[in-house]
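Visitor: One structure is given below, represented as structure tokens, and several questions about it will come after.
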Amino acid sequence: MNPFSYVRAVDSADALRQRAGHAAAYLGGGTNLVDLMRETVARPEKLVDVTGLSSAITQSDDGGLLIGAAARNTALAEHRVVRTRYPMLARAILAGASGQIRNMATVGGNLLQRTRCAYFYDTDGSHCNKRRPASGCDALEGFNRNHAILGASPACVATHPSDMCVALAALDATVHVEGKGGARTLPFIDLHRLPGDHPDIDTTLEQGELITAIALPPLTFASRSNYRKVRDRSSYAFALISVAAALKIEGGHISDARIALGGVAHKPWRAFKAEAALQGHEATEPVFRAAAMAELADAQSLSRNGFKIELATRTLIATLADLAGGAS
Amino acid sequence: MPLIINGSPAPVPHDPRVSLLDLLRESLHLPGTKKGCDQGACGACTVLVDGERILSCLALAVQYEGREITTVEGLAGENGLHPMQEAFIVHDGFQCGYCTPGQICSAIGMAAEVRRGVPSHVSADLTADVALTREELQERMSGNLCRCGAHNGIIDAIRDVLETRETAV
Amino acid sequence: MSIIDSAKSAAQTLVQGAMSKLVPLAPDSWIPGGVPDPLIARKHGLIGTPVSRLDGPLKVQGRARFSAEVDAADIAYAALVHAAVPRGRIATLDTAAARAAPGVILVMTHENAPRMNAPALFGSSPTAVGPADLPVMQDDRIHWNGQPIAIVLAETQEQADHARSLVVATYSIEPSITSLKAAKDAGPKPGLFMGEPLLTQIGDAEAFLSAAPYKIDHLYRTPRHNHNPIELHGATIWWDGDTLVIHDATQMVTAQGLTIAGVFDLKPEQVHILSPYVGGGFGSKGLWVHQIIGAAAAKLAGRPVRIALSREGVYRIVGGRTLTEQRVAIGAQADGCFTSIIHSGIAAMTPHNNMPEPFILGTKVGYGADSFKLSVETVEMDMVANTFMRAPGEAVGTFALECAIDELAAEIGMDPVDLRILNEPVKDPISGLPFSSRHIVEAWRRGAERFGWSERITTPGTRREGEWLIGMGCATGTYPYYRMPGAAARITLTRNGTATVEIAAHEMGMGTSTTTAIVAAERLGLPMDKIDVRYGDSTIPGAIMAGGSQQTAAIGGAVIAAHNALVAQLLKMAGNDSPLAGLTSAEVGSEDGALVKLDDPTRRESYASILNRAQMDSIVASEEASQPLEMMHWSMHSHSAIFCEIAVNSITAETRVRRILGSFDCGRILNPKTARSQFRGGMIMGLGMALMEETQFDERNGRIMNPSLSEYHIPVHLDVPDIDVIWTDIADPHTPMGAHGIGEIGITGTAAAVANAVYNATGKRVRDLPITLDKLL
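Residue numbers (the working numbering), protein chains in the order written: chain A, 25 to 352; chain B, -9 to 159; chain C, -8 to 768.
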């Protein structure tokens, strides 16, 4: 770990001030950043602890939910409104990591998790364009079983590891950020980016921008939603494939849908094509299949992750079928 | 402000790189909290902070100024072992004993989560009271790895404590 | 009369006339015509009753001090720099920035390391336990990707870790073999295990195979595995003048001390290894390069060194189980009797070690057949030296063999349990020796009954519960009985009725310290709380390795010898004024802290009384165990029948183990409480092997790419069902206490039972471990 200085921010303005002009990083629960620093993947010279900022989870005027970025994952998952109105979010959080880590990890920090690609972590012995731009990608021909099938680039085939973010992508969440230019909001699905030629940049945040809160819209039909995660052991493992989905079914027909996939791309993958394919159709298995096929039509596999296309297709169909069954 | 470790104050380390785990093990001579990976992947370093279980290897000690930390060394009271410690012996919930402090601290923290009604990945109903099934306890303890294979004894010990000695935890 | 019955009756004759608690001395021989250990006949003592671990209170309070937790004044913290290429030379090694970094005490590389001999390679002598025959940090050569090339010592661990990241190495890379294909192309070599060729041929197995009406012939693959004990390898090391003190986590204190003495040109007594607690080993806790590098750095720096490997560091320098490719072909007659068993293939190792994963060992005693062809060949790769891991050979060998049996049973249309019982041999099929104690058929029958095997639906893929396909599978496990020579015990008996039993053995969680106390209490006729067992210290006489599931037998033999010597001394001391006057060792037994004449319990004298009269506070007996002659006269093995029920998700192909039962035949079980845990522990490691474990070795550069507990998956709590364990508890009349080893048997057979259940559930045969969902989609 690099030597660094540590300060605790008292509010967001203080955090921005402390961060300015330094090779600094904001520190939440530390569950990813401390690990990356120990592996010398991250080498900040200063840490600005933002866990003292708002962790409040409050219902907003529009009937949605405003979640302070410093809220712990456990706090969000156990919040009564999340459990009853956004079950996919509660389930996504509970499917991630372990009880101890969920008690530490902040919501803001969860959004900024970095990939678990082994070559990204291996500072001593591997090439990685995300860690060191233009150094090459050892995953392309290496261990890429858990790598991207959608939206990858020749520069990077890594996936985003978060479970929570998959639900947030499906739920039309909004991210509140503050930076030099003041406060702004952006759609959650625009927070993370695809790798393109710059896999070293994970998000669309400006230098020094701070995530202060996440807002969930009311999205009433999300009270019937689910998160299904498929992994190599039954708990405490990253997703091979995950699906967050909510269906609004009226008179046997799908009138609205929200779907996102995890484990498939460099970012939590909002499945717009699948949603469009469902719109207005009957809630039946062939329709679900067509929707899954539509979403995965552009999927491309690497040497070891071809199974993910079939797995994502099946998992998506089954998740939708479960929701439809529950709605009848 | 110092950290409060098992009721005693301990100064915040000068070097902010020092993890809570290394502070305990190397500076405070409390090696009961174990280092199994230093990566947040095994749970051996689990301690209780204000009653909540966390991984001390991913915790920078400076972040925990003023907080109440309980380690495995702080569980036994004047009347002897903590019920969870006793139950681990009775049910043979360990072999080599290395993951054991983390399992025990995690189990105690988990019990509080169960009482609070926090659901888990395997809870069929997110809003119902937590049923103390084997599966619920297994899922909630899955962040604590054991390589000797004492899993059955660990879950038996926890069930025993939660079902019969709940008030003592 | 069966051999068991005759053994029992012989033992009963011995104790005839004695009180029920009175235990005669154990005979110090294990040869035909010899007398079984009298403890076998003792049915109401401590043996066989569940006893909680004596070190439990320490361990649940975190008060057991492991090797990297030992305090030392002025300690220096170590961090290693690892090579990032598989083979070549260090071209440049820039340590200037590291040396200038805050807190750095020393940077040691091959350029300034003290001159040291290469450690003697494991097996090159009875006490040689070096991981490879390579010199350690003596030259610029790189032999594997991950080899340590520098060590940094600093005032704090944080400073050492940072400084290590500042060391910059460049390499001149040389051609290497890091892919299995290239290794095979270079040509396999005959495997040699412990000096014995891994090649057995009886009859023309290929001819029998081709003539057989029923046959199967398949290739099975097992990947590399890592032990992953939760305690990281680490040591606290200092020099006390010319004496090297190492607090280490090791399964072999004595041999390791001797090997290290050879490295530093020291006399054996100048190296002191202490290892009272080991946080799991499974074969991995032995001598690797870090203790040598740490000791050298401690010498240069003149300070105690704590070298605690990172988890990645463990993967880089502690070898695991190597990969195998195994062909199993079995031919059977129409009635199911085997005519041919072929089990052959390759295991990878390095040019610098000698551990050809001997996967045919279990096959040598598994089944009867008219012909056999069994062989292991090795191919060489540039990688960290592979080593022993729980049931080396049998763990992966039984996967292939027992899957093949299941495939053959399906081919013939026979129940796989019946097929196994049908081919049960009456004597060792290869050596022709009689079995000392083999009750596998009973284990099969009792296991099948308890598990409900008869409810298995033979046609695969036909039992369904919702999304889940359900299947049952079974397999046999086996592991040999060993008792390695060289064990000794020292018993100190005091006037106040306590005894200290010292053995150069190890407690890694097997329950050894507790079991030893039980056995010693029974032999000495003392309550268990009067027995203090000390272990894990190279200054204790004898050498006992915690490996090969033989520690209990080795300790048992040594304690018998020391106890006999102790009693002889006591009788001599007792003299003519004692009620025991004139009696020989063979005429007395121990009971309630006294020696007692076997056939006249009124003639007795307490240890305290004997010592008092002799005006001595204590006496000491130290003795080596007898030679393990029993292994020459009988074919001796532990056995198991494993049954499991699994569910495979029809959508995602995730596999969950719902039920698993182990039915064991492992001689007499000494402490049911800790034994059950050991059986379960082995089976759980077998579940991991079946479903998730694989060390990912990048064949492009020989680098391990999942050096972490988050990416190398071992079973978590939710993966582990409530495991049912039963045992025959039939004592082997030819072993100390009638016991067999139980540490490794649990992992054997388990992976095959799971794979066979997966077949029963899905109709898919996966012959390539681990059975991850992508192989079932």
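Ideal Cβ placement from N, Cα and C applies to all residues, glycine included.
Residues in the same chain with beta-carbon distance under 8 Å from B:V80, minus the five sequence neighbours each way, listed in chain order, please.
Guide: A147, D150
Visitor: Just to confirm before moving on: does the CB-CB distance between C:L157 and C:A92 stay below 8 Å?
Guide: yes
Visitor: Cα separation between C:R659 and C:W625?
Guide: Their backbone Cα atoms lie some 17 Å apart in a straight line.
Visitor: Just how far apart, CA to CA, sit A:D256 and B:G143?
Guide: Looking at the two C-alpha atoms, the distance is approximately 24 Å.
Visitor: Tell me the start and end of each unbroken alpha helix (DSSP H) in the segment 686 to 755 of chain C that is at least 4 residues and wholly inside, in chain order.
Guide: Fully enclosed alpha helix (DSSP H) runs of 4 or longer: 741 to 753.
Visitor: Keeping to the same chain, check which residues put their C-beta closer than 6 Å to that of B:L116; ignore five residues upstream and five downstream.
Guide: Leaving aside the five residues that flank B:L116 on each side, the residues in its chain whose CB is nearer than 6 Å to its CB run, in chain order, P109.
Visitor: With H, G and I counted as helix, E and B as strand and the rest as coil, what does DSSP make of B:L10?
Guide: helix
Visitor: Please state if the CB of A:A261 and the CB of C:H216 are separated by a distance shorter than 8 Å.
Guide: Not closer than 8 Å, so no.
Visitor: Does the beta-carbon of C:G186 have 16 or more other beta-carbons within 10 angstroms, so that it is buried, or is it exposed?
Guide: exposed
Visitor: Going residue by residue through the segment 578 to 611 of chain C, where are the continuous alpha helix (DSSP H) segments of at least 4 residues, counting only ones entirely within it?
Guide: 598 to 604
Visitor: Could you pull out every residue in the same chain whose Cβ sits closer than 8 Å to the Cβ of C:D723, ignoring the five residues on either side in sequence?
Guide: S427, S428, Y472, M627, G658, R659, G729, A730, H731
Visitor: Smallest Cα separation from A:S247: which of A:A48, A:R208, A:R109?
Guide: A:R109
Visitor: What's the gap between the Cα of C:I38 and the Cα of C:I482?
Guide: 20 Å
Visitor: Closer than 8 Å by beta-carbon distance: list the chain C residues that pair up with B:D119, in chain order.
Guide: Those do not exist, as B:D119 stays about 21 Å from chain C at its closest Cβ, beyond 8 Å.
Visitor: Among A:N97, A:H46, A:P68, A:V190, which residue has its Cα nearest to the Cα of A:T75?
Guide: Nearest option by C-alpha distance: A:N97.
Visitor: With a threshold of 8 Å on Cβ separation, who are the neighbours of C:T250 within its own chain once the five nearest residues in sequence on each side are excluded?
Guide: P110, A111, T118, A119, V120, G121, L278
Visitor: At 7 Å on the CB atoms, spell out the chain C contacts of A:A342, in chain order.
Guide: I642
Visitor: Using the Cβ count rule (16 or more neighbours within 10 Å means buried), how would you classify C:I494?
Guide: buried
Visitor: Mind checking the segment 142 to 153 of chain C against chain B and listing, in chain order, the residues whose C-beta falls within less than 9 Å of any C-beta there?
Guide: T147, Q148, E149, Q150, D152, H153
Visitor: Any idea what DSSP makes of C:W435, helix, strand or coil?
Guide: helix
Visitor: Compare the C-alpha of C:G401 against each of C:N345, C:R594, C:M107, C:I321 and name the closest.
Guide: Looking at the sequence shown, residue 401 of chain C is not Gly but Ala. The residue with the shortest Cα to Cα distance from C:A401 is C:I321.
Visitor: Cutting at 6 Å between CB atoms, please list the residues of its own chain near C:G737, excluding the five before and the five after it.
Guide: F670, G673, M674
Visitor: Okay, do the segment 673 to 688 of chain C and the segment 754 to 768 of chain C touch, 3+ Cβ pairs below 8 Å being the bar?
Guide: yes
Visitor: According to the neighbour-count rule (16 or more other Cβ atoms, all chains shown, within 10 Å of its Cβ), is A:K253 buried or exposed?
Guide: buried
Visitor: Taking the alpha carbon of C:T330 as the reference point, which residue from C:G310, C:K364, C:V579 has its own alpha carbon closest?
Guide: C:K364
Visitor: For A:Y143, which of helix, strand or coil comes out of DSSP?
Guide: helix
Visitor: List the whole-angstrom C-beta distance separating C:P416 from C:Y358, where the pair is believed to meet the contact cut-off of C-beta under 8 Å.
Guide: 6 Å
Visitor: Per DSSP, C:M623 is paired with what?
Guide: The partner list for C:M623 (beta bridge, DSSP) is empty, contrary to what the question assumes.
Visitor: Thinking C-alpha only, which one of C:A177, C:T315, C:H554 is nearest C:D28?
Guide: C:H554
Visitor: Whose Cβ in chain C lies nearer than 9 Å to the Cβ of A:S259?
Guide: V707, H708, L709, D710
Visitor: Contact between the segment 430 to 439 of chain C and the segment 590 to 608 of chain C: three or more CB pairs below 8 Å?
Guide: no
Visitor: Output the boundary residues of the beta strand (DSSP E) element that contains A:D73.
Guide: A:D73 -> beta strand (DSSP E) spans 70 to 73.
Visitor: Give the interface partners of B:N(-4) over in chain C, defined as CB-CB distance under 8 Å, in chain order.
Guide: At a beta-carbon threshold of 8 Å, none of the residues of chain C lie near B:N(-4); the nearest stands roughly 11 Å away.
Visitor: Give a yes or no on whether 8 Å exceeds the smallest Cβ distance from C:A55 to chain B.
Guide: yes
Visitor: According to DSSP, is B:Q85 helix, strand or coil?
Guide: Coil, per DSSP.
Visitor: Starting from C:M99, follow its DSSP beta bridges and name the residues at the other end.
Guide: C:I142
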